[in-house]
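Everything below concerns the one structure shown next.
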Amino acid sequence: MSTMSQRSHLTDSEAWRVVDRLEGGKTQAQVAQAIGVSQSLISRIWNRFLETESAGRRPGQGRRRATTPNEDRYLVLTALRHRNMNATLLQQHLRSATGTTVSTQTVRNRLHGVGLYARRPMVCVRLTSRHRRDRREWATEHVNWRRNEWSNVLFSDESRFSVHPDNRRIFIWRDHGSRNNPALVHESLRFGGVGVLVYGGISIDGSTDLYIIRDGPLTTRQYRDEIFRPIVVPYAAAIRDYFILMDDNCRPHRANLVEDFLFEEGIVRMEWPACSPDVNPIEHVWDTLGRRVAGRQPPLKTLQELERALLEEWDRIPQLVINSLIDSMPQRCSTLLAVRGNHTPY
749 MSTMSQRSHL
759 TDSEAWRVVD
769 RLEGGKTQAQ
779 VAQAIGVSQS
789 LISRIWNRFL
799 ETESAGRRPG
809 QGRRRATTPN
819 EDRYLVLTAL
829 RHRNMNATLL
839 QQHLRSATGT
849 TVSTQTVRNR
859 LHGVGLYARR
869 PMVCVRLTSR
879 HRRDRREWAT
889 EHVNWRRNEW
899 SNVLFSDESR
909 FSVHPDNRRI
919 FIWRDHGSRN
929 NPALVHESLR
939 FGGVGVLVYG
949 GISIDGSTDL
959 YIIRDGPLTT
969 RQYRDEIFRP
979 IVVPYAAAIR
989 DYFILMDDNC
999 RPHRANLVED
1009 FLFEEGIVRM
1019 EWPACSPDVN
1029 PIEHVWDTLG
1039 RRVAGRQPPL
1049 KTLQELERAL
1059 LEEWDRIPQL
1069 VINSLIDSMP
1079 QRCSTLLAVR
1089 GNHTPY
């Protein structure tokens, strides 16, 4: 073992270089390997910096506080007025306004001190007054359903995954419990993109196979011939007379060709309020699937690798997780009524 790897502390200048590397995006393991010390030492330096804003060992009472109370208030007010502003921009604003230069971690520390943390905003589809009314009516109709009734429902959906997901993550400064505050919700329109489009369905104690949709966006004929005939109809036959299909209101789902086919097969479709992915438990399954695929090593490089990973990880999602999501439907309905049809935190 090298002498460097046995060191129990670093000099002040070395400790500050550690902080610089960590703030630059390096992991603690990467920094430890580069410097040749244990990861626990790197962790202690980082924790000391977070707590005291001092990286090095200093005698007495440590470094002088980097900001004044007035500068602290300036940072907090600026973050509240511009919630999308990241720590780097807040750092620059503070320097322009006061001449004080601090690290981005100091900016975060000041905001954490008043309960503000950088979190991803809840991103939802835009809701009109009609959407909210329809969502309330749907929740009223289903809020008293029991588990045996929900067990008849196949919750289905399509989702798109890409080899290189968008890493331009948006964060906002918010305090605890304000995730679905309407003022902090980012509304968006749903749209497609390059990647792999898949179809899947979940129910209590079961799920369909994951199906890769090829040749561009889903068409009405594809929906009937590639999904309904080979996937939904056999699934409905297994549940028998009480089967209910849940799918959303996108155009291929509601075309006359599909409606006629459902009628011929005797399949009952659940009326579904438009713009309500937050009510559909399969959305959480898509999130789980995406995290599992993104965490695979080595990272995926081709669409073929992505397809294979999606199929494998879909089959590995525990049925207990799926059952738990569907068991949350009564609470989802209650929440939807409580917020009068607005966005829910699901």
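Going letter by letter, the sequence shown gives residues 749 to 1094 in this note's numbering.
Using N, Cα and C, we set each Cβ at its ideal position, and we do this for glycine too.
Distance, residue j Cα to residue i Cα
| i | j | result |
| --- | --- | --- |
| L789 | I952 | 48 angstroms |
| E1053 | I987 | 34 angstroms |
| Q1067 | D1026 | 20 angstroms |
| S936 | S761 | Any reading at S936 is ruled out, since the residue's pLDDT is 44, under 50, leaving its predicted position unreliable. |
| Y1094 | I783 | 43 angstroms |
| F1009 | V981 | 10 angstroms |
| R938 | S786 | At R938 the pLDDT is 43, less than 50, meaning the model places this residue with poor confidence and gives no usable figure here. |
| N896 | L1085 | 22 angstroms |
| Y865 | Y983 | 45 angstroms |
| V766 | L1048 | 31 angstroms |
| A985 | I1015 | 9 angstroms |
| S1072 | P817 | 47 angstroms |
| L758 | Q778 | 16 angstroms |
| E1013 | H879 | 30 angstroms |
| F1011 | D963 | 27 angstroms |
| D914 | A1042 | Below a pLDDT of 50, predicted positions are generally treated as unreliable, and D914, at 49, falls in that range; no measurement from the model is reported. |
| N1059 | T1036 | First, the amino acid is wrong: residue 1059 is Leu here, not Asn. Using only the alpha carbons, I get a separation of about 13 angstroms. |
| L875 | V1087 | 13 angstroms |
| R858 | I1070 | 40 angstroms |
| G954 | W893 | 19 angstroms |
| A780 | N1028 | 44 angstroms |
| E906 | E889 | 25 angstroms |
| I1065 | H841 | 46 angstroms |
| T846 | L825 | 14 angstroms |
| R977 | P1046 | 37 angstroms |
| V946 | P965 | 10 angstroms |
| R813 | Y822 | 16 angstroms |
| C998 | R829 | 37 angstroms |
| D989 | S877 | 36 angstroms |
| Q1079 | E771 | 41 angstroms |
| G948 | T815 | 53 angstroms |
| T956 | D973 | 16 angstroms |
| I961 | D996 | 17 angstroms |
Contact check, residue i vs residue j, beta carbons under 7 angstroms
| i | j | result |
| --- | --- | --- |
| V891 | S1082 | yes |
| I975 | I1030 | no |
| T968 | A1003 | yes |
| L958 | W1034 | no |
| T849 | E819 | no |
| F903 | V944 | no |
| V901 | I992 | yes |
| G1038 | R884 | no |
| I1074 | W794 | no |
Endpoints, the beta strand (DSSP E) within which residue i is located
| i | result |
| --- | --- |
| G949 | V944 to S951 |
| A866 | Y865 to R867 |
| Y959 | Y959 to I961 |
| E992 | Checking the displayed sequence, the identity of residue 992 turns out to be Ile instead of Glu. Note, I992: beta strand (DSSP E), I992 to M994. |
First through last residue of the alpha helix (DSSP H) which encompasses residue i
| i | result |
| --- | --- |
| F1009 | N1004 to E1013 |
| R908 | It is not in any alpha helix (DSSP H) - R908 instead sits in the beta strand (DSSP E) that spans V901 to F909. |
| M1077 | M1077 to A1086 |
| Y983 | V981 to I987 |
| L1054 | L1051 to R1064 |
| W898 | R895 to W898 |
| D820 | P817 to R829 |
| Q781 | Q776 to I783 |
| V767 | D760 to E771 |
| S844 | A835 to T846 |
| N1090 | Neither: N1090 is in no alpha helix (DSSP H) and is coded neither H nor E. |
| D882 | S877 to H890 |
| T1036 | I1030 to A1042 |
| T967 | Looking at the DSSP string, T967 is not in any alpha helix (DSSP H), and its letter there is neither H nor E. |
Cβ shell of residue i (< 7 angstroms), same chain only, five flanking positions each side left out
| i | result |
| --- | --- |
| Y971 | P1000, H1001 and V1006 |
| R733 | Only positions 749 to 1094 of the chain appear in the structure, and residue 733 is not among them; the question remains open. |
| A827 | M833, L838, L859, L864 and W921 |
| V862 | V824 |
| G773 | none |
| H1032 | L1073 |
| M1018 | V901, I992, L993 and M994 |
Close Cβ partners of residue i (< 6 angstroms) along its chain, the five nearest in sequence each way excluded
| i | result |
| --- | --- |
| V911 | L1048 and L1054 |
| Q839 | T852 and V855 |
| P1021 | D882, R883 and W886 |
| M1077 | W898 |
| T836 | T852 |
| R843 | T849 |
| R1040 | E1061 |
| R769 | V779 |
Residues near residue i in its chain [Cβ-Cβ closer than 8 angstroms; skip 5 each side]
| i | result |
| --- | --- |
| G941 | Bear in mind that the predicted position of G941 carries a pLDDT of just 45, short of 50, making it unreliable; the figure below should be weighed with that in mind. These residues qualify, in order along the chain: R908 and S910. |
| T1050 | V911 |
| S791 | Q776 |
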